[in-house]
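With the numbering used here applied, the sequence shown corresponds to residues 48 to 460, in that order.
Below: one structure, written as structure tokens.
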Amino acid sequence: MKTSLNTSFNLLQKHSKIAIGYFILIAFLGVLLRVFAVIDLPINYRFMVHAHSHVALLGWVYTALTTLIFKLYLDKKTLHTRYKQLFWATQITIIGMLISFPFAGYAFFSIVFSTLFLIASYFFGYLFFKHSSTIQKQTNSYKCIRIALWFMIISSLGPWALGIIIKTVGSGSSLYRNAIYFYLHFQYNGWFILALFGVFFYILEKHKITLPKKIFNRFFWTLNIGVVLTFGISLLWNKPSFILYLIASFGALLQGIAFYILSKHLLADYQKIKNIFSPVLFKGLKVVVLLFMMKLIFQFTGTLPYFSAVIFSNIDFIIGYLHFNFLGIVSISLLVFLQQFQLIQLSKKSLLFYIVGFLLTEIVIFYKGIVVWLNLNLINYYPEYLVAVSLLFSLAIALIFSQQFKKKQAVKI
48 MKTSLNTSFN LLQKHSKIAI GYFILIAFLG VLLRVFAVID LPINYRFMVH AHSHVALLGW
108 VYTALTTLIF KLYLDKKTLH TRYKQLFWAT QITIIGMLIS FPFAGYAFFS IVFSTLFLIA
168 SYFFGYLFFK HSSTIQKQTN SYKCIRIALW FMIISSLGPW ALGIIIKTVG SGSSLYRNAI
228 YFYLHFQYNG WFILALFGVF FYILEKHKIT LPKKIFNRFF WTLNIGVVLT FGISLLWNKP
288 SFILYLIASF GALLQGIAFY ILSKHLLADY QKIKNIFSPV LFKGLKVVVL LFMMKLIFQF
348 TGTLPYFSAV IFSNIDFIIG YLHFNFLGIV SISLLVFLQQ FQLIQLSKKS LLFYIVGFLL
408 TEIVIFYKGI VVWLNLNLIN YYPEYLVAVS LLFSLAIALI FSQQFKKKQA VKI
């Protein structure tokens, strides 16, 4: 039995290493995209953006999250074969997208691989729903993971709709843009965030820290209703009816209330929670909490008519916000949780390097957004500075990736 557990653990470590591999790959693809503003490259920029974004969401985050979920809920000997088959089938679809998107964009092969990925993700959801134990289904953590997977499935309606939209009203229509925003919203704010909350609650539950049912239900439903309503923010670019602004604002407010409900209760167990994690990982979580608070402020600000108009007319604000969520809240959380379960090797130096690199890239991206907004003069050699900080950030991820090949099983931090 012990040998079986070790085999499973080693397998999940390898899968985590593959996830980090995707992370370093998309980081350097990001640098390549920055270089376009400095020199002409014989590559289609839009096609590379498609490859970058798809591998970011589906390679790094999806692989890391599903590896964590399998370890916490499905790590049973009877499922190992099915999981391995599904894992490698999923990797084939991701690699297929990585190869096809840069050369053709949205074309036959990339659409086929994207479609097959969606089907594979549905199978993972099926494994989770069917094989989680009755005891697991009573926990708060399970409820978060379950709704997260439903958000993942719901988000896929966006990609499914694109083909119909292109054939009927075209890729230049508002429906096309709304379908993409629908997908991104329920990926970022639904699937990713709720899954991360689920992993966090799982860790607390294993250390006998559980939210009372009444408190959890209040947090859970307030947050999820907020997630649904804040999709309205993604529709404000089209300057809709004022009612939609009110709905989006209410959704953002609900998410803030949910965060308050949770943080107020967890503060009572602050010392117990602190003792669960190493000092460095706990500081990483505190950074995530700070970023999440900022996200809530950004969301609410984005529901105000003036600021929504500013944001949706400013590509740097949009890119900065997406990276803020993806590279900040989501990726730092994943690194912390993967290290907590010793699925990756992460040193104090590499985590600090990552956070500093992330902050520098965000500052530089938002700086240009502010300059455009206020009609100021951009500093000379701005594109070169952006390439430099992006390269620095990529080196931080490269350092994390290199640590996965050390002989020691885990780096204590």
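We treat Cβ as the ideally placed atom computed from N, Cα and C, and that holds for glycine.
Neighbourhood of residue i by C-beta, 8 Å cutoff - its chain only, sequence neighbours within 5 removed
i      : result
LEU121 : TYR130, LEU174, PHE175, HIS178 and SER179
PHE413 : ASP363, PHE364 and GLY367
LEU72  : VAL102, GLY106 and LEU145
GLU431 : VAL85
PHE170 : LEU133
LEU80  : TYR92, MET95, VAL96 and HIS99
SER220 : ILE212
Residue i classed as buried or exposed, judged by whether at least 16 other C-beta atoms fall within 10 angstroms
i      : result
LYS453 : exposed
ILE417 : exposed
VAL85  : exposed
ASN187 : buried
TYR230 : buried
MET199 : buried
GLY210 : exposed
GLY245 : buried
THR277 : buried
GLU409 : buried
GLN318 : exposed
GLN346 : buried
PHE289 : exposed
HIS232 : buried
ALA66  : buried
LEU383 : A small fix is needed here, since residue 383 is Val in this sequence, not Leu. VAL383 should be labelled buried.
THR215 : exposed
THR269 : buried
HIS254 : exposed
SER218 : exposed
PHE400 : buried
THR125 : exposed
LEU385 : buried
Cβ neighbours of residue i in the same chain (closer than 6 Å, five flanking residues each side left out)
i      : result
VAL419 : ASN361
GLN456 : Residue placement at GLN456 is flagged as unreliable, the pLDDT there being 48, under the threshold of 50; the coordinate-derived value follows with that caveat. Within the same chain, GLN456 has no close Cβ partners at all.
ILE444 : PHE70, ILE71 and ALA74
PHE156 : SER147
LEU442 : none
ASN236 : VAL274
ALA154 : none
SER63  : THR114, LEU385, LEU390 and ILE391
Contacting residues, own chain, Cβ-Cβ under 7 Å from residue i (five flanking each side not counted)
i      : result
PHE324 : LEU332 and GLN387
VAL458 : Since pLDDT at VAL458 reaches only 47, below the 50 mark, its modelled position is unreliable, and the value read off the structure follows with that caveat. Taken in chain order, the residues that qualify are GLN392, LEU393, SER394 and GLN450.
THR348 : PHE354
TYR249 : LEU119 and SER188
THR137 : PHE164 and ALA167
MET48  : Because the pLDDT of MET48 is 46, which lies under 50, any placement of that residue in the model is unreliable, and the number read from its coordinates should be weighed accordingly. The answer is none, since no qualifying residue turns up.
LEU439 : GLY404 and LEU407
ASP316 : ILE256
SER55  : ASP122 and HIS127
ILE194 : LEU241 and ASN271
Distance between beta carbons of residue j and residue i, contact taken as under 8 Å
i      : j      : result
LEU141 : LEU105 : Note that residue 141 is Ile in the sequence shown here, rather than Leu. The Cβ separation is near 5 Å, so the contact holds.
THR114 : LEU390 : 7 Å
LEU313 : ILE320 : 6 Å
LEU133 : ALA167 : 6 Å
LEU296 : TRP238 : Note that residue 296 is Ser in the sequence shown here, rather than Leu. Rounded, the Cβ-Cβ distance is 23 Å, inconsistent with contact.
ILE376 : PHE339 : 6 Å
VAL78  : SER378 : Not quite, the Cβ-Cβ distance comes to about 16 Å (not below 8 Å), so this is no contact.
PRO352 : TYR292 : 6 Å
ILE272 : LEU301 : 6 Å
VAL411 : LEU433 : 5 Å
LEU222 : ILE212 : 5 Å
LYS415 : LEU425 : 6 Å
PHE117 : LEU196 : Contact flag wrong, Cβ pair sits at about 12 Å.
GLY152 : PHE94  : 4 Å
PHE371 : LYS342 : 7 Å
LEU381 : VAL108 : 7 Å
ALA242 : ILE192 : 6 Å
Any non-hydrogen atom of the ligand FMN within 8 Å of residue i CB
i      : result
VAL434 : Summarising the ligand content, the structure contains no ligands, and the ligand FMN is consequently not present.
Cutoff 9 Å: residue i Cβ touching any chain D Cβ
i      : result
THR257 : In the structure shown, chain D cannot be found, because there is only a single protein chain.
message: Across the stretch 257 to 268 and the stretch 277 to 294, are there enough close Cβ pairs to call them in contact, namely three or more that are closer than 8 Å?
response: no
- prompt: Is the stretch 146 to 153 close to the stretch 94 to 110, with three or more CB pairs under 8 Å?
  reply: yes
- prompt: If we count Cβ pairs, one from each stretch, closer than 8 Å, do we get three or more for the stretch 154 to 163 versus the stretch 64 to 78?
  reply: no
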